[in-house]
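*Asks:*
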Amino acid sequence: MGPPPSAQARDLPGDTGRDHSAHQLSDRPARSDSRPVHRPRGVRAACRRRQGRRNRPIPRAVPFGSVGAASGTAAQRSCPLVRRHRHDGGCESLPAGDARGFAVMPVCLLAVVVLIGVTQRDDTPHEDFLRLMNVGKAWLDADNSAGAIDVFSEALTILPTNADAQTNLAIALLRADRPEEAVDAARRTIEVDRTSAAAYYVMGCAHSRLRNFESATKAIQMSLALDPGVSTAHFQLGVAYRGSNRLEAAERAWRDTITLQPNHFAAHYTLSQLLFQLDRVGEAEDHARRHQEILALLKRPPTGLAAFERCRYTQARVPDAVDHPDNTGIAVAFHDITSDLLADGEPPLTAIAPVDLDGDGRVDLITVDTQSRLRIMRNGGDRFVAAEDTLVLDPASSYHKCLAADLDNDRKIDVLVVGEDGLRLAQFDEHGALVDRTQESGLAGVQADDAILLDLDHTGKLDVLIARGDRLRLFRNTGGLTFRETTERSGLGAQMPGLGDLVAVDWDGDELIDVLVAREHNPAVFLQNQFLGALGQVEPPEPWPSGRALAVDDVSNDLRPDLLIASSDGIKCVLGADAGTFTVAKSSRTVRRILLVDYDNDGWLDVCVAGQGLRVYRNLGFQRFRDVTESLGFDGLDNELINDVGAADIDGDGDTDLLVLTENGLRVMRNDGGNANGQLKLRLTGTRSNTSGIGVKIEIRAGRFRTTRTVSRLPVEIGVGSRDRLDTLTVVWADQIIQAETNVPIIPGETLTLVEPLVSSASCPFLYAWDGKRFRFVSDFLGTSPLGLRATDDRFVDADVDEYVWIGDQSLVRPRDGWIVLQLANELREVLYLDEAKLVAVDHPAGTEVHSTDKLGVKPFQPSEILTLCRRVPLVRATAGDGGDVTDDLLEIDGRYFSPPKLQKPQLRGLAERFGVTLDFGELATNRPLVLALTGWLMWGGATSNVASSHHADLPFPFPVLEYEDKAGAWKKVDVFVGAPAGRTKTIMVDLDGRLQSGARRLRLTTAFEIHWDRVAMFERDDSRRTSMLAFEPDVADLHWRGVARQRERTTDQPIRPIYDQLLSVAKWPRVPSGWYTRYGSVRDLVTRRDNALVLLACGDELTLSVAASRLPVVPDGQLRDFFLFSVGWDKDADYHVQDGWTVEPLPFHGMDDQRYGQEDRPDLDDRWIDRYNTRWVGP
């Protein structure tokens, strides 16, 4: 017998393999030469007895990792990407961040650098070069280092001596964990530009990875001599000093880090470790405590091996110069074409919403007139035609705003009309006629001065936030066009005098939608999203201007939203990240609305101000604007009072027209000339996000051009200047699922449709078994024991922590070099807390089957057992609800499934419209111990889907229900809980002993889960004495890094099937939970008993369990042997609605109250294992 697979010579608990990251995936084996990381005693108490907490924010943005995949050539790729956004405009903002103006290096070292001299760089721009640099940056920002390496290498074939491209290549090589090549690439940069602090820094980090600490020290010192204000460089210098055992120097470097960035909790931790070593326990515990305090503040801590290294030096460089608008610009004029488009003699309009209602690419109008009539005006190309159906609202009321979006995710537009005397909600019926849904919506009688749509609670449904008087009110979307007020729950009870416009936008870059509120006589307010739909006021560094009109978007093209406010003395702009305020235009005119619109399609948002007349200010870049009102032809409106203005390409000619609502009605102002530049038209369809894509962020790049937009209204039209294609187009959906396209053509007259990709990020750990040729995927496990998983806003799913999972019979489980080998792999964005794991061999009579009693259910859980089934009753016929014969689909376990005919909306993933099957077994022997065995798989929905579905009062109970037909032909419910398969294909059992009346022959099984049934079989329960079970503790339990497996292409009725030996080079998950995980090596002592001592697996970790085949007895004659995995533990997903989903802690324990997770103290347990094993930190 050979050595056990994956067993290495690092079985001592203090030893550790290399800390690989879930975002830096590699198929290399883990190194065993890394020093063990010590966990301070001063932190232990906080981990053992930790008060629960809510995820609380800090005002600064919390960044995240990202995903991508390389395919095609380096020059042309198109695949989902995840971008990192930060509020200061970069693509990464890590706690180990930047700071400036702190000099600690000797002046003489800087002098040496200056004397070396600077080699002239080749900075000549080239269109292909710029495109490759943009694409490479997209890949690098997406952590697709392999793709970035290819692209930057190709860029260097165009400009071989370009220092930025060479530095980018070095960064990509470092990210790809190819440190030797990263050193060479950084050296080539320095040969071109010896003042490149980034190149010296990357070289130093690469040397540290190679454990060349003296070389690392020298390189990072050179970087700091050039730029002493980067806190991460000081931190890495401390790492290099520590590696060469220069402890005092390491202490100084880490203290410098904290001076520059007090919240750098990685520096606090490493400094505490060093101080413990120096026996300065008091100081050490202070820093360890501070580390835990900072960690507790983070809503979503970033994770990854490279997170300690990341700063602005490890961000891809693209040419700094941004294409600014030409001062003169193209010739544009607006002409009033109202009479050409609209019929004469109609009452004046008071509210409008331009939107493409039928998907024909033409913008229609939803209108409200002075007679309170809501109606549709269809765009016929050369004229609008009013629909015959008119919905008359309250004639005694006046309405001033119309919001159009899909409010029930049925892929049809709904209409919310805002009036001072009440809101009105309308829906289009199947014939396209408007139907009033106000009374049943929960919005009847709700008065509003203003209203906006936003997905505040992150459930893929648009909520309604209104302003009335001096108060805000929030109405949560509960599905099916119904709303419920949650004002107090959301923290909006306080008075706010002088309320003006409302805008929803991710202002602080933390991936959550915030709210900005204008106030007439007081500074505008920033209401920060503080998780789960709660808002809290955050004071900006300097008070914002006051004023009633407000607009937000990327005016400066620095990839950050900017805030514009109409104050008493003009239009003020607050730059993103509160980077300063400047005046767009001085004016004392009355302002009712600010509209940001790119009227000349040059890619820069211009400012349109409506009130006393209409003024337009063209964006010239560099914080300059020019009044172009007269040249555009709007000076004729100076004497009119304008209530609102809308924007859309009404005539379909490729430029944005204006819809001006005056006191006398609508005036359609056609844009003539704007289409000399190009325009990108987008139609977004959300699946996890709301269907209309409201709140989605869009980023585009082309050469030196870049900009971002937040979707707040429809349609989406973005000017791109004279460019006929984009290098990259990136859409950031609500769940941080990122969709990116490269080399996107701009085709006049065409609308690009993007559907949010369905990415499954939540499931359970995967189980593989050696079958004699390969590691075969078996199933997932511990799906019955989620941790902190919300079923509703206020209730968690209870965890059933014991589970048997069928592995296979002897033909599917074969020895490998004398060992039975199982691989337990954590491949999704979750934490596996494993307490016990055993191999179970079950010998049973030939002709029988053995199955586990485990299934997805509710308390009280039935005990985990293995039952033997015999005397199978043939299935005569299976009939679907529509009468179709599905018998062949359900006869055997063969991968042919009876699937739900219709699923719920994709925002309610995991649910289906109730469906069923009628099962005819002939007349059943109801006096026998019958057992119904159901084999199938369940699509996991996740916490977000759970919470979203809990808001829908009309959704049925999803769990399967079983009925039988009595002698009289009546259907009666069987008094039994059916349950559901917990994830990938499994068999569940339903005990029918004594539960059916005599004469029953047909059963009916219905469910509203998305369950795909493979086999339905009837058996009798066998005598348990004929079956024997043997449980084997693993001889070897080795924890190590492996990575994430590629998944097979599948149809919608097939479950996920990962391919064990094909690993992804890039993780699919933008983030994984952060915290202390089990160090690599032997963990056998942790998995042999149920004792609250847990193995903690991060994304990409694998636990190999090996049992010597010689321990298994010979199978008795007449018997068959099946194998099961018995496991005890929990699994916690990083879904937005999972309690503490982004941190490893709080650690679970047996006997805990699942409903108080995150609030319950950890009892007094023997937790010495925490200090001994949990020494591997994932995350900064």
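Quick note on numbering: the sequence shown equals residues 0 to 1179 in numbering that gives the first Met the number 0.
Glycine is no exception: its CB is placed at the ideal position from the N, C-alpha and C atoms.
Let me check understanding here. Comparing Cα to Cα, which of H290, R708, S948 lies closest to H1136?
*Replies:* The shortest Cα separation from H1136 among H290, R708, S948 belongs to S948.
*Asks:* Helix, strand or coil for P1112 per DSSP?
*Replies:* Coil.
*Asks:* Taking only the alpha-carbon atoms, compute the straight-line gap between L613 and I641 and give it to the nearest angstrom.
*Replies:* Taking the straight line joining both Cα atoms gives about 7 Å.
*Asks:* By Cβ distance below 6 Å, which residues in the same chain neighbour L665 in space, the five residues on each side in sequence not counted?
*Replies:* Answer for L665: L348, listed in chain order.
*Asks:* Quick one: what's got a C-beta closer than 6 Å to E864's C-beta in the same chain, skipping five residues either side?
*Replies:* The residues are T852.
*Asks:* Can you list, in chain order, the stretches of the beta strand (DSSP E) that have 3 or more residues and sit fully within the region 337 to 422?
*Replies:* 348 to 354, 363 to 368, 372 to 378, 383 to 391, 398 to 404, 413 to 418, all fully within the region 337 to 422.
*Asks:* In the DSSP assignment, what residue or residues form a beta bridge with V743?
*Replies:* Paired residues: L725.
*Asks:* Closest to V659 by CA distance: which of F633, L679, V317 is it?
*Replies:* Nearest C-alpha to V659: F633.
*Asks:* First and last residue of the beta strand (DSSP E) that includes I693?
*Replies:* Counting along the chain, I693 falls outside any beta strand (DSSP E), and DSSP gives it neither H nor E.
*Asks:* Strictly by DSSP, which residues pair up with P560?
*Replies:* P560 is not bridged to any residue.
*Asks:* The alpha helix (DSSP H) that contains H233, what's its start and end?
*Replies:* Where H233 is concerned, the enclosing alpha helix (DSSP H) stretches over 230 to 242.
*Asks:* Let's see if you can read the secondary structure: which residues bound the alpha helix (DSSP H) around S214?
*Replies:* 212 to 225 is the extent of the alpha helix (DSSP H) around S214.
*Asks:* Going by DSSP, what residue range makes up the alpha helix (DSSP H) through N133?
*Replies:* Residues 126 to 140.
*Asks:* Report the CB separation of L223 from A232 in whole angstroms; it is logged as a contact under 8 Å.
*Replies:* Confirmed, about 5 Å.
*Asks:* Who are V731's beta bridge partners in DSSP?
*Replies:* Note: V731 sits in a beta bridge opposite K696, I737.
*Asks:* Within this structure, are the beta carbons of Y312 and V182 separated by less than 8 Å?
*Replies:* For Y312 and V182, no; Cβs fall outside 8 Å.
*Asks:* Which residues bound the beta strand (DSSP E) around A877?
*Replies:* Residues 876 to 879.
*Asks:* Between A1107, D557, W1141, I717, which has its C-alpha nearest G817's C-alpha?
*Replies:* Considering only alpha carbons, the answer is A1107.
*Asks:* Let me check understanding here. Comparing Cα to Cα, which of R210, F956, I329, S214 lies closest to L631?
*Replies:* Of the candidates R210, F956, I329, S214, the one whose C-alpha sits nearest the C-alpha of L631 is I329.
*Asks:* Tell me which residues share the same chain as P1162 and place their Cβ nearer than 6 Å to its Cβ, disregarding the 5 neighbours each side in the sequence.
*Replies:* Once the five neighbours on either side are set aside, P1162 has no close Cβ partner at all.
*Asks:* Out of E829, G978, A999, which has the shortest C-alpha to C-alpha gap to Y963?
*Replies:* If we check each option's Cα against that of Y963, A999 comes out closest.
*Asks:* Near R316, which residues of its chain fall below 7 Å by C-beta distance, leaving aside the five closest residues on each side in sequence?
*Replies:* Answer for R316: D163, T166, N167, listed in chain order.
*Asks:* Measuring CA to CA, which of R813, S338, L657, A1044 is closest to V362?
*Replies:* Minimum Cα distance to V362 is reached at L657.
*Asks:* Find the nearest neighbour of G610 within the set R623, D643, D626, R625, judged by alpha-carbon distance.
*Replies:* Considering only alpha carbons, the answer is D643.
*Asks:* Per DSSP, R703 is paired with what?
*Replies:* DSSP output for R703 lists no bridge partner at all.
*Asks:* In its own chain, which residues sit with a C-beta less than 6 Å from the C-beta of D628, not counting the 5 before and 5 after it?
*Replies:* Asp is not the amino acid found at residue 628; the sequence shown has Thr there. R614, V615, D634.
*Asks:* My output table needs one value for H1039: the three-state DSSP class, helix, strand or coil.
*Replies:* DSSP places H1039 in strand when its eight states are reduced to three.
*Asks:* Please go through the same chain and pick out, in chain order, the residues whose beta-carbon is closer than 6 Å to the beta-carbon of P905, but skip the five residues on each side of it.
*Replies:* Around P905: T686.
*Asks:* Under a Cβ-count criterion, where at least 16 other Cβ atoms within 10 Å of its own Cβ denotes burial, should G444 be classed as buried or exposed?
*Replies:* When all chains shown are included, G444 counts as exposed.
*Asks:* Which of helix, strand or coil does DSSP assign to G1074?
*Replies:* The answer is strand: DSSP assigns G1074 an E or B state.
*Asks:* Can you tell which of A824, S711, R1089, D671 has its C-alpha closest to the C-alpha of D834?
*Replies:* Of A824, S711, R1089, D671, the residue nearest in Cα terms is R1089.
*Asks:* If you follow the alpha helix (DSSP H) that V1086 is part of, which residue opens it and which one closes it?
*Replies:* From DSSP, the alpha helix (DSSP H) with V1086 extends over 1083 to 1086.
*Asks:* Quick one: Cα of D654 to Cα of Y598, how far?
*Replies:* Whole-angstrom Cα-Cα distance: 7 Å.
*Asks:* Return yes when the Cβ of Q1118 is within less than 8 Å of the Cβ of D801, no when it is not.
*Replies:* Contact: no.
*Asks:* Which stretch, first to last residue, makes up the beta strand (DSSP E) that contains M668?
*Replies:* M668 -> beta strand (DSSP E) spans 664 to 671.
*Asks:* Please state whether DSSP places P959 in a helix, a strand or coil.
*Replies:* Of the three classes helix, strand and coil, the one that applies to P959 here is coil, per DSSP.
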